[in-house]
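Numbering (this note's numbering), first residue to last: 3 to 133. Here a beta-carbon is modelled for each residue, glycine too, at the ideal position from N, C-alpha and C. Quantities reported herein were computed from a predicted structural model and do not represent experimental measurements. Scroll down for the structure; my scribbles are underneath it.
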């Protein structure tokens, strides 16, 4: 029996989240149409900044792993994800097929992504609930 492939949905969610964050940040900074406030701007900026860094870090670490070079510590990869780069980290993990076998690392990365999604969902819910 073939196991389902969860790479594509995670990759789509991560890409969509990154594009939304970058677009909302641009809309907030360039127009008055969208104003999430300072916290929203900072979060969008963190996602827009740390996602490409996390994606590059996963690619670099995979490249170094294949060549027995000096690796990026797992704690640093997870820190990039936690600081807002989780879309890039998830995309990098799936795209480069890197760190997909380690269950603890994978679980922590999924927990970070879910934490971000829940936190943003809660903030959006609260902002619409008080309006």
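- Around the CB of residue 104, fewer than 16 other CB atoms lie within 10 Å, so the residue is classed as exposed.
- Proximity to residue 98 across 71, 63 and 50 peaks at 63, based on C-alpha coordinates.
- Just so you know, the alpha carbons of residue 84 and residue 56 end up roughly 10 Å apart.
- Taken through DSSP and simplified to helix, strand or coil, residue 107 comes out as helix.
- Here residue 75 is exposed: its Cβ has fewer than 16 other Cβ atoms, across all protein chains shown, within 10 Å.
- By the neighbour-count definition (other C-beta atoms within 10 Å, threshold 16), residue 121 is an exposed residue.
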